[in-house]
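For any residue, its number in our numbering is found by taking its place in the sequence shown, counting from 1, and adding 363.
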Amino acid sequence: MCKYKDTNLGIKKLDFKKKRGTMAVYLTDGREVIVPISMFPDIKHLTLKQREDWMIMDDQYFSFEAMSKIYSVKDVLRM
């Protein structure tokens, strides 16, 4: 888990259907963070089908079958 202001944060789920052009990231503390896909150019270039093929690793990182880049909860929160 990522330690942020005395809170342990992890990633539970990703959702690309919430609002067009955004990625919703559901955190283990119950929060939902919605970020524009444009913040992640590699993800923006994936098809919607490829975006749905995501995986979460150790509650801290996420990636997609169609790419080798790995993102972290810190990338989402821009820490």
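All residues carry an ideal CB built from backbone N, CA and C; glycine is no exception.
Would you call the CB atoms of residue 419 and residue 374 closer than 7 Å? The beta carbons of residue 419 and residue 374 sit closer together than 7 Å.
Give the single residue among 394, 402, 409 and 401 whose Cα lies nearest to the Cα of residue 428. 409
Starting from the C-beta of residue 397, find all residues in its chain whose C-beta is less than 6 Å away, skip the five residues before and the five after it, and write them out in chain order. 385 and 387
Separation of residue 372 from residue 421, as counted between CA atoms: 11 Å
Could you pull out every residue in the same chain whose Cβ sits closer than 6 Å to the Cβ of residue 376, ignoring the five residues on either side in sequence? 389
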